[in-house]
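Q: The structure follows.
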Amino acid sequence: METSLFDFAAQKLEQHTGFSQLEARGTLRIAVKSAGLEPKNLTVDELRVVFEKLMPGELEQRGVKDSLGACAAVVRDLESAPIAESKSPSNSPDDVFRRLAKA
Amino acid sequence: MEESAYIGGVIVGLGYLIASAQLARLSVKTREIPERLLAIAFLLWGLAYVCWQIPLILIDESIFQPLYIAGRLLTDAGSIASTFFLRLVFRPHSRTATGLVAGIAAGMILGFAGSAWLGDWEALDPLKNPWWWLEWSAIVVSVAWIGVEGFHHYGMSKRRRRLGLCSALDCNRYLLWGLTGAVWVIYQLSYAIQLIEFQAIGSFSASLDAIASALEIIPIAFIWLIFLPPTIYQRWIERSDPQPIVTEG
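Chains as they are written, first to last, in the working numbering: chain W, 1335 to 1437; chain R, 783 to 1031.
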């Protein structure tokens, strides 16, 4: 089965926080949704922003002591995500509407 | 029919045709399907208005009915193209969306065929023709879908905007897209009321005609602001909604 960027980030979050798979995926899903993003259509840049600006707060709420350190570690892992570039969407609604506005 | 409705119809028809030409030109360059689908939808809607406006300036009544029927067919076909656009852009992997497109298309085709079977070829008699309601409902669902996607993505884009992941113009386009769908729904409701009134009293009232004309023109203005935004409008949106300062935590 193909690994999505969401799956990759959730796996890394699990590693760096000691969360269970369910906790890591659930926490990431909440953060991604509250950023106004769709888990199925994520880019590395978007995930980086989620981990830098929203995830530290989410982790603190769930009792993770070094939330900033855990997030920084996931961001570093994202740089080497093997599926990162190929999974970047080029036909997201934002892309389409931006392109159509140049008609 | 009032003169205001005729002028309104000409403006709306031209608006669709010009937007269609611009999107078609873009689709030749990009070879992407979304712009092609929207160009087709706008072209068909623009041609529908041509069919509806011609009888208002001609004396030969023998071609009225064929033109009205052609206008209906073009409207339905354009609406089906717009639902393909919605599915492709907003719900590309959704089976529900695929089912919705099929349901809308089936509703329009069955509604049209049923109306023809009852002899209401121009679909002007909602009081005696139950098939009219099927075709009308399919159109309402298709335009409501536009509104729902627009407002949903507007809400999502506002959240992205707070994190610096979305521009003010992108946000604004979703808002306009949602408003376009909402006004089209209201227009369809007013159209139904207009036809019921027509069947009851035998003529269109001037006030409803004026309201319907306005409800047809407003979405065209939104479409222009989404797809052909003037520079002055773009600057105004960017100035009125500057990039928020993001605080961490």
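From the three backbone atoms N, C-alpha and C, an ideal C-beta is built for every residue, glycine too.
As the structure is a prediction and not an experimental result, all values here were calculated from the model.
With DSSP as the reference, label PRO1024/R as helix, strand or coil.
A: coil
Q: Would DSSP call GLY828/R helix, strand or coil?
A: helix
Q: Please state if the CB of ALA1344/W and the CB of LEU1371/W are separated by a distance shorter than 9 Å.
A: no
Q: Using a 10 Å radius around the Cβ and a threshold of 16 neighbouring Cβ atoms, would you call GLY1076/R buried or exposed?
A: In this structure chain R extends from 783 to 1031, so residue 1076/R is not present and cannot be described.
Q: Three-state secondary structure (DSSP) at LYS1367/W?
A: helix
Q: Would you report the Cα separation of MET938/R and GLY984/R, rounded to the nearest angstrom?
A: 47 Å
Q: In chain order, what residues of the same chain lie with their CB nearer than 7 Å to the CB of ASP907/R, ignoring the 5 residues before and after it?
A: TRP914 and GLN981
Q: Which whole-angstrom value describes the C-beta separation of ARG818/R and ALA1435/W, a residue pair presumed to lie in contact below a C-beta threshold of 8 Å?
A: Incorrect: roughly 16 Å between the Cβ atoms, too far for contact.
Q: Output needed in chain order: residues of the stretch 797-813 of chain R with a Cβ under 8 Å from some Cβ in chain W.
A: Residues of the stretch 797-813 of chain R that bring their beta carbon within less than 8 Å of a beta carbon in chain W comprise ALA801, GLN804, LEU805, ARG807, LEU808 and THR812, in sequence order.
Q: What is the DSSP secondary structure of LYS940/R, counted as helix, strand or coil?
A: helix
Q: Taking the alpha carbon of GLY1352/W as the reference point, which residue from SER1401/W, VAL1383/W and LEU1388/W has its own alpha carbon closest?
A: SER1401/W
Q: Would you say the stretch 916-924 of chain R touches the stretch 886-903 of chain R, given that touching needs at least three Cβ pairs under 8 Å?
A: Taking a cut-off of 8 Å for Cβ pairs, the stretch 916-924 of chain R and the stretch 886-903 of chain R touch, as three or more such pairs fall below it.
Q: If you draw a straight line from the alpha carbon of GLN847/R to that of LEU840/R, how long is it in whole angstroms?
A: 13 Å
Q: Quick check: the stretch 848-861 of chain R against the stretch 812-826 of chain R, are at least 3 beta-carbon pairs closer than 8 Å?
A: yes
Q: State yes or no: is the C-beta of LYS1346/W within less than 9 Å of the C-beta of VAL1430/W?
A: The beta carbons of LYS1346/W and VAL1430/W sit no closer together than 9 Å.
Q: So, helix, strand or coil for CYS953/R, using DSSP?
A: helix
Q: Tell me the DSSP secondary structure of ILE1019/R in three-state form.
A: ILE1019/R falls in the helix class under three-state DSSP.
Q: Taking the continuous alpha helix (DSSP H) assigned at ILE1005/R, which residues delimit it?
A: 988-1009
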